[in-house]
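Residue numbers (the working numbering): 17 to 270.
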């Protein structure tokens, strides 16, 4: 990273992404292309992105706790975190050796798929649904979180959205409970995913920690609010940026 404005760009994008990741997910759809823009190869960008996510997750949880938010589903969260971690180790190992050009194409496809989901996903009133956290529904969510972990370890982008989708459809948890479990699971599996990239020398600590400053601030802020504030504005911004960056990655990457 040679240009001074890269630091400001990373902190600014990090702040926005910290907000997005805490209230919903998909912030890596912005950070991965930005990391590639500032000069990292795809594998290093993929690994470095986890540094900020790990720090952000810590501050998001602190934000939740500072507002007295508690969660009676922590035992379930640990089960999901363990299986997601196993999947993430596998996914991260695969990501280490992926071809740079192929990674950009995969990322572009993932970005568009998630945009389509964000636009057309059905809305549910979770207050009218009964929570399902035991028996077959717990088994279903555990299986789902293993594959979410594989995906998260491989590319990360949109993992938070998949986690919220799983917890809201299979387990029918409220937004606040889903968000707390999401942050908890991502904190655990991201740590082990980071280790895989670190061992394989695919981390840029300076860039990752710079972006972590912004993400920590955004994550702490939205963790304190504990609700989905300004969701439509965030979604519009995210969708616009993702479409532009997907076009860039698919048609104009080297």
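All C-beta atoms in this analysis are idealised placements derived from N, C-alpha and C, irrespective of residue type, glycine included.
**Message:** Mapping the DSSP letters down to three states, classify residue 26 as helix, strand or coil.
**Reply:** In the three-state scheme derived from DSSP, where H, G and I count as helix and E and B as strand, residue 26 is classed as helix.
query: In three-state terms, what does DSSP make of residue 153?
result: helix
Note to self: So, with DSSP's three-state summary, where would you put residue 201?
What the structure shows: helix
For residue 33, which residues from the same chain have a beta carbon less than 7 Å from its beta carbon, with the 5 sequence-adjacent residues on both sides left out?
-> Spatial neighbours of residue 33 in its own chain (CB-CB distance under 7 Å, excluding positions within 5 residues in sequence) are listed in chain order as 43, 46, 47, 231, 234.
(Q) Please return the same chain residues whose Cβ sits closer than 7 Å to the Cβ of residue 28, not counting the five positions on each side in sequence. (A) 230
ask   = By a C-beta neighbour count over all protein chains shown, 10 Å radius and 16 as the cutoff for buried, is residue 51 buried or exposed?
value = buried
### Query
residue 169 to residue 162, Cα distance in whole Å?
11 Å
Nearest-angstrom beta carbon gap, residue 180 and residue 198 [assumed within contact, 8 Å]:
Here residue 198 really is in contact with residue 180; their C-beta atoms are around 6 Å apart, less than 8 Å.
key: Assumed close pair residue 62, residue 171 - CB separation to whole angstroms, cut-off 8 Å   = 7 Å
- Task: Pull up the distance between the alpha-carbon of residue 222 and that of residue 93, whole angstroms please.
- Result: 31 Å
Discussion item. Please report the straight-line C-alpha distance between residue 183 and residue 177, rounded to a whole angstrom.
Written reply: Rounded to whole angstroms, residue 183 to residue 177 spans 10 Å at the Cα level.
**Prompt:** Taking the alpha helix (DSSP H) that residue 183 falls in, what are its first and last residues?
**Reply:** 175-185
* How close, in whole Å, do the beta carbons of residue 67 and residue 224 come, if the pair is a contact with beta carbons under 8 Å? -> 3 Å
(request) Taking only the alpha-carbon atoms, compute the straight-line gap between residue 119 and residue 79 and give it to the nearest angstrom. (result) 34 Å
Q: Could you tell me the distance, in whole angstroms, from the CA atom of residue 31 to the CA atom of residue 189?
A: 27 Å
- Task: Report buried or exposed for residue 91, applying the criterion of at least 16 other Cβ atoms within 10 angstroms of its Cβ.
- Result: exposed
> Smallest Cα separation from residue 95: which of 124, 155, 206?
Replying inline: For residue 95, the closest alpha carbon among the candidates 124, 155, 206 is that of 155.
Residues in its own chain within less than 6 Å of residue 17 by CB, not counting five upstream and five downstream?
Summary for residue 17: the model assigns pLDDT 49, below 50, so the residue's position carries little reliability; its value from the coordinates is reported in the next sentence. Excluding its 5 nearest sequence neighbours in each direction, residue 17 has C-beta neighbours in its own chain below 6 Å: 54, 223, listed in chain order.
>> Measuring straight from C-alpha to C-alpha, what distance separates residue 208 and residue 101?
In response: 7 Å
Review point. Shortest alpha-carbon distance to residue 88 belongs to which of 215, 19, 227, 195?
Key: 195
Residue 71 and residue 228 closer than 8 Å at C-beta:
yes
Exercise for the section: Please list, in chain order, all residues of the same chain as residue 77 whose beta carbon is under 6 Å from its beta carbon, the five residues on each side excluded. Expected result: 199
Report yes or no: is there a C-beta of chain B within less than 8 Å of the C-beta of residue 183? Protein chains in the displayed structure number just one, and chain B is not present.
(request) Measure the alpha-carbon distance for residue 124 versus residue 104 and round it to whole angstroms. (result) 21 Å
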